[in-house]
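Residue numbers (the working numbering), protein chains in the order written: chain P, 11 to 345; chain S, 11 to 345.
All residues carry an ideal CB built from backbone N, CA and C; glycine is no exception.
Working notes, beginning with the structure itself.
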């Protein structure tokens, strides 16, 4: 069996750190790992699979030594510069940034949904936005059965989605609340502790944020429905990790609610927790550390002929980033 | 000018305490105030308008001494028992509980929306659910201009809506996080710190929570549209005070977005903060302590012909409870 070489770019960030954990759990047939970061982190040591590794500085010649795969989680600018360099050297890049997601020749992949799109890659495969990934896993199941007509997203997104600085803002807010004192915001425009911020990523001319536009456009691309009616309101909440989403869906076809729930239960990558009377529904604090997408509060929306509301929770750093990217690597290895 | 007598029932609870502040600010022509609570709080002393008052125990003969108005904020059971007693003795009751809201002969009133319904009261006027009150203030303006066809609510509700025990759960969660240690949940089925709970009030046979059914049914009653298409997902978030709401609305009529925003700006009781580029939108932490409903993130929903998304924040203890109830008292005094 062939053994592979994998580069992890952005290995010391929030996603990179989790990717190392997921790699340890997945036990892929990879013989060599190299961990890259910016010059700031280069030289520092990490433990991985019981061995010590030194973080390497990412440079233009970093991919000369030959890799099979590179997973990029170091932000859009790093991806824009280095992903094309890697791919021209024959490395297949799985990119976590938004840099290439909407490019026509770049597949945008959630393995449970459109793994087949991996096949036509030209060296770069894009990992979708975290809030989109967790939503499309159940939505694909429902689209196949009942044909989705319209989606309305309202999100409850964790601070880890904004990286270390986002986590720091919540942590500092909690500490200032309990111990007094002031702090400077590292990431958000307003304090996130004791607040809900309806702004994620930058403002766009449409009046939507970039995060909202990503959810709308990426949902269409992944489901292969370029004209699908989708709208979104993306909100940051004072939760450390795992995004929650209130999703309203309208279908073309009629459905039986029990059958719909069964279809979700049978689908890979989905856990159904749907027992309101016994207070069972997905919760951010419980989903953290899991690779699956959790759904619950599944109920008919009586305001349209064929609609439902449901609640969807995913670990945005795992399934929303690291896990999904490494599932793509796994698919590449197995096919 | 006549001077009135007002009874405040549940004077020591979260809403009762805020009602005392609002009364101090409003300076209504009330000559006598009596503060009632359960036997547990009776006898304790409070400061009000510079004078000391003793909390009275609420009893069946409490209304014998003659009141013009009684504001009830002591939960459904107290209202069910004592509000009819008060009203048969000629007291006009403004009831904050859900006990009478959907009764045909009880007006359900948000003064900015349907003050005229106060006129046909039969002794009890119901104050709507907190999350409904803040939503219908802007929705009424939009319904009058563009005729609402469908509403989809997703809420981000503060723990103060669950009273002292709800506040305690968040406070204890924060303390346990910073200082270690365990705590017992006083109110919620799960920890609210670092979590979003898609369950407010009890489960109903429909698969919705009672809070969600309240939002649906009370919106219809207040707007006077019994068949309006409305759906809701109600979620508790780790915020101490002020509810935020993501509201999607579809209209029968076409609209011009600038005109729509102007209509909201001109309406009484509404503050518009709608400048995403400059990070200006309503925030729970900032709205706390204010009586107005704040709206922002107002933008066209491109997934339907005539729709918008907007973000709505209100102090659930003020406009969502105490302020609204006392605005009803003020209307009664002035008319």
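Check                                                                                                                                       : Outcome
Within 7 angstroms of chain P by C-beta, residues of the segment 176-194 of chain S in sequence order                                       : 184, 185, 187, 188
Own chain residues within Cβ distance below 6 angstroms of residue 2 of chain S, not counting five before or after                          : No statement about residue 2 of chain S is possible, as the shown extent of chain S runs from 11 to 345 and does not include it.
Partner residues on chain S for residue 319 of chain P, Cβ-Cβ distance less than 7 angstroms                                                : 241, 243
Helix, strand or coil at residue 120 of chain S according to DSSP, with G and I counted as helix                                            : coil
CB contact check: residue 205 of chain P to chain S, cutoff 7 angstroms                                                                     : yes
CA nearest to the CA of residue 149 of chain P, picked from P:91, P:245, P:225, P:50                                                        : P:225
Nonlocal neighbours in the same chain, by C-beta distance under 6 angstroms from residue 155 of chain P, ignoring five residues either side : 273
Inter-residue Cα distance where the pair is residue 244 of chain S and residue 108 of chain S                                               : 16 angstroms
In DSSP terms, what residue 61 of chain S is bridged to                                                                                     : S:58
Boundaries of the beta strand (DSSP E) in which residue 255 of chain P is found, first to last residue                                      : 253-261
Among P:42, P:117, P:66, the one whose alpha carbon lies nearest that of residue 233 of chain P                                             : P:117
When S:79, S:83, S:334, S:158 are compared against residue 263 of chain S, the one with the closest alpha-carbon                            : S:158
Backbone CA spacing between residue 21 of chain S and residue 221 of chain S [nearest angstrom]                                             : 24 angstroms
Per DSSP, cross-strand counterpart(s) of residue 322 of chain P                                                                             : P:255, P:305
Complete alpha helix (DSSP H) runs within the segment 214-293 of chain S (minimum length 4 residues, chain order)                           : 220-233, 267-276
Partners in chain P for residue 218 of chain S, counting only beta-carbon separations shorter than 7 angstroms                              : 309
Any C-beta of chain P under 7 angstroms from that of residue 258 of chain S                                                                 : yes
Alpha helix (DSSP H) runs contained entirely in the segment 144-202 of chain P, provided each spans 4 or more residues                      : 173-189
Classification of residue 122 of chain S by the beta-carbon crowding that lies within 10 angstroms, buried from 16 upward                   : buried
Beta carbon proximity, residue 199 of chain S to chain P, threshold 7 angstroms                                                             : yes
Proximity to residue 71 of chain P [Cα-Cα], best of P:101, P:42, P:343                                                                      : P:101
Whole-Å CB distance - residue 250 of chain P paired with residue 323 of chain P, under 8 angstroms assumed                                  : Contact flag wrong, Cβ pair sits at about 13 angstroms.
Complete beta strand (DSSP E) runs within the segment 32-117 of chain S (minimum length 3 residues, chain order)                            : 40-47, 55-58, 61-64, 79-82, 102-105
Proximal residues of chain P, C-beta to C-beta of residue 286 of chain S below 8 angstroms                                                  : 209, 213, 217, 219
Residues bridged to residue 341 of chain S (per DSSP)                                                                                       : In the DSSP output, where bridge partners are listed per residue, residue 341 of chain S has none listed.
Exposure of residue 255 of chain S, with buried meaning 16 or more beta-carbon neighbours within 10 Å                                       : buried
Proximity of residue 160 of chain P and residue 260 of chain P at Cβ, strictly below 7 angstroms                                            : yes
Coarse secondary structure for residue 311 of chain P, derived from DSSP in three states                                                    : coil
Span separating the alpha-carbon of residue 315 of chain S from that of residue 239 of chain P                                              : 11 angstroms
Chain P residues whose Cβ lies nearer than 8 angstroms to that of residue 160 of chain S                                                    : 313, 314
Heavy atom of the ligand NAP within 6 angstroms of residue 337 of chain P beta-carbon                                                       : Looking for the ligand NAP in the displayed structure turns up nothing, as the structure carries no ligands at all.
Residue 284 of chain P to residue 97 of chain P span [Cα, whole Å]                                                                          : 43 angstroms
Min CB distance residue 148 of chain P to chain S below 7 angstroms                                                                         : no
Contact list for residue 170 of chain P against chain S, beta-carbon separation under 7 angstroms                                           : By Cβ distance, chain S contributes nothing, its closest Cβ being about 11 angstroms from residue 170 of chain P, past 7 angstroms.
Bridge partners - residue 17 of chain P, DSSP secondary structure assignment                                                                : P:44, P:80
For residue 136 of chain P, the residue or residues it bridges with in DSSP                                                                 : P:105, P:118
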